[in-house]
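Beneath this line is the structure, given in structure tokens, with notes to follow.
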Amino acid sequence: MSGALPFFAIGLLLIVVLVVWILRSRVENRSPLESRQDDDKSIASFHVDALPQRLTDRIFGSEDWDFVSAQETAGLRRLFLQQRTAVALAWIRAVRANATKLIHAHLTATRTSSQLEPLVELRVGADYLLFMMLCQLIALAIWLRGPIHLGRLTRYTDALSERLHELIVRAFPAELSSENNNRESYTTD
Amino acid sequence: MPGRLSRTDVQAALEDLKNRTLCSMGTEFARLIYLASTRDYNTGRYYHDGLAFQFSEEAAGKALAEAHAEVFRDIALGSLENLVDQLQLYLHSVGADPGETLRAWDKLEPYRVAIPVDSDALTAALFSANVKLALAIVEFRQRSHHRQDPQSA
């Protein structure tokens, strides 16, 4: 099993190189105006709204559940789980949408970049995959036993999302990054 | 004058609003309802004659919007226990029969208009879910209180 690992890594690397090559050849076939418009669109949507930690802790923490449990009625407990499950699933959708937005912005940027680092791309891909798997796992756990006591898992998901964001910002081509900054300062004026 | 609004003006208006108006209200929930009521539901703009007279309409509007967002965040992200206590106090303070008010709140969901327009969808969803729960808990407490003491009904 361990002997197959290097071949698996090489295979994965070849896939990444192939994907990058296909994307770049597509970009080269586009007109400069078309390319410019697409870049602007991706940069404009690059701003990712991070959810406050306090919100995540409130949704998945046990403080409110302990309070409702102390009321000693099954109806209230049921209503609490029903309401919180809906909010927790909305949290999953929001963090997933943020990550997807980030990846799309990154892919758009890599298409025009001349300094691609396959290892970084591989890490971004692996982190994104792990993040999406974690989201699925949390969604499953919510369906099975409700959102309570999932605090540790959601904090890890938040940290992973943050790492993905940092990785992408670091790998972001400089020219697009500076253009992004210009745009942000323009819109906040 | 439009476009001449400074951060200092807004800050001063905000301080004035907190020290003169909001501090006299007993609970955060009462402050939230009050601040939401200063907003025109058609335009989303905030108005306060006294504050606008002292500062400017723009500074007053911005201060009200900031105070609204701050109070809303505190309530929405605060504990459910705190919300239940605040809601109970608020419902008793409005003057009408608490049972009737509870039923109206349960059916009409007037608390939804207390959500600031710029708040994110998830915080707004948590707020609505928590108010719904808090109403159910207050109602449950009221029913058990009536069962224990039927003369108070």
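Protein sequence lines, in the order shown, are assigned to chains A and B.
Taken in order, the first sequence gives residues 69 to 257; the numbers are from our numbering.
Taken in order, the second sequence gives residues 18 to 170; the numbers are from our numbering.
Glycine included, each C-beta is placed from N, C-alpha and C at the ideal position.
From a predicted model like this one, the values you see are computed outputs, not experimental measurements.
Where residue i and residue j are concerned, what is the direct C-alpha to C-alpha distance, given to the nearest angstrom?
i, j, result
"I78 of chain A", "A194 of chain A", "14 Å"
"Y224 of chain A", "L123 of chain A", "15 Å"
"V155 of chain B", "V101 of chain B", "7 Å"
"R90 of chain B", "L39 of chain B", "16 Å"
"Y128 of chain B", "D114 of chain B", "18 Å"
"R62 of chain B", "A93 of chain B", "22 Å"
"R98 of chain A", "L187 of chain A", "Residue placement at R98 of chain A cannot be trusted, given a pLDDT of 47 that sits under 50; the coordinates are not used to answer."
"W159 of chain A", "G95 of chain B", "17 Å"
"E96 of chain A", "D123 of chain B", "The predicted model places E96 of chain A with a pLDDT of 48, which falls under 50 and marks its position as unreliable; any figure quoted below should be read in that light. Those two C-alpha atoms are separated by around 59 Å."
"H217 of chain A", "D125 of chain A", "10 Å"
"G143 of chain A", "L197 of chain A", "39 Å"
"R120 of chain B", "R220 of chain A", "38 Å"
"A72 of chain A", "V148 of chain B", "56 Å"
Since I believe residue j is in contact with residue i (beta carbons under 8 Å), could you give me their beta-carbon distance rounded to a whole number of angstroms?
i, j, result
"N82 of chain B", "A30 of chain B", "The question names Asn, yet the displayed sequence has Ala at residue 82 of chain B. Not quite, the Cβ-Cβ distance comes to about 11 Å (not below 8 Å), so this is no contact."
"L97 of chain B", "F135 of chain A", "6 Å"
"R147 of chain A", "L125 of chain B", "According to the sequence as given, residue 147 of chain A is Leu; it is not Arg. Rounded, the Cβ-Cβ distance is 19 Å, inconsistent with contact."
Give me the chain B residues within the contact set of residue i, using Cβ-Cβ distance strictly less than 7 Å, ordered along the chain.
i, result
"D132 of chain A", "S96 and L97"
"A162 of chain A", "L139"
"S119 of chain A", "What sits at residue 119 of chain A in the sequence shown is Leu, not Ser. Those within 7 Å of L119 of chain A in chain B are L139."
Anything in chain A within Cβ reach of residue i, meaning under 7 Å, just list it in chain order.
i, result
"A153 of chain B", "L144 and L147"
"K149 of chain B", "Q151"
"F157 of chain B", "Q139, T141 and L144"
Chain B partners of residue i, CB-CB under 8 Å?
i, result
"A154 of chain A", "A142 and A146"
"V136 of chain A", "L97, L150 and I154"
In chain B, which residues lie with their C-beta within 9 Å of the C-beta of residue i?
i, result
"L123 of chain A", "A93, L94, D137, L139, T140 and L143"
"I127 of chain A", "L139 and L143"
Find the residues of chain A that neighbour residue i, judging by a C-beta separation of less than 8 Å, and give them in chain order.
i, result
"F46 of chain B", "Those within 8 Å of F46 of chain B in chain A number zero; the least Cβ separation is about 17 Å."
May I ask which residues mark the beginning and end of the alpha helix (DSSP H) holding residue i?
i, result
"E156 of chain B", "A138 to Q165"
"N166 of chain A", "A142 to T180"
"H65 of chain B", "Looking at the DSSP string, H65 of chain B is not in any alpha helix (DSSP H), and its letter there is neither H nor E."
"Y128 of chain B", "Taken as a continuous stretch (DSSP letters only), Y128 of chain B belongs to no alpha helix (DSSP H), as it is neither H nor E."
"V101 of chain B", "L97 to S110"
"E185 of chain A", "Taken as a continuous stretch (DSSP letters only), E185 of chain A belongs to no alpha helix (DSSP H), as it is neither H nor E."
"S130 of chain A", "Here S130 of chain A belongs to no alpha helix (DSSP H), and DSSP marks it neither H nor E."
"S229 of chain A", "G219 to A239"
"Q139 of chain A", "Note, Q139 of chain A: premise wrong, no alpha helix (DSSP H); not H, not E."
"K35 of chain B", "First-last for K35 of chain B: undefined, no H or E at that position."
"A86 of chain B", "E74 to L94"
"R48 of chain B", "E45 to S54"
Leaving out five residues before and five after residue i in sequence, what residues of the same chain have Cβ atoms less than 8 Å from its Cβ?
i, result
"S137 of chain A", "R145"
"H174 of chain A", "V192, I236, A239 and F240"
"V155 of chain A", "I127 and P215"
Once you ignore the five residues that flank residue i on each side, which residues in its own chain have a CB closer than 7 Å to its CB?
i, result
"T44 of chain B", "Q103, L106 and Y107"
"F72 of chain B", "D26, A29 and A30"
"V116 of chain A", "With a pLDDT of 47 at V116 of chain A, under the threshold of 50, the modelled position of this residue cannot be trusted; read the value that follows with caution. Cβ within range, chain order: N166, K169, L170 and H233."
"P74 of chain A", "none"
Going by beta carbon distance, what residues of the same chain come within less than 6 Å of residue i, once the five residues before and after it are set aside?
i, result
"R24 of chain B", "none"
"H85 of chain B", "L52 and P133"
"F144 of chain B", "A93"
"R37 of chain B", "none"
Which residues of chain C have a Cβ atom closer than 7 Å to the Cβ of residue i, listed in chain order?
i, result
"A158 of chain A", "Any reference to chain C falls outside this structure, whose protein chains are A and B."
Can you determine whether any heavy atom of the ligand FMN sits closer than 7 Å to the C-beta of residue i, and answer yes or no?
i, result
"H85 of chain B", "No copy of the ligand FMN occurs in the structure displayed, which carries no ligand at all."
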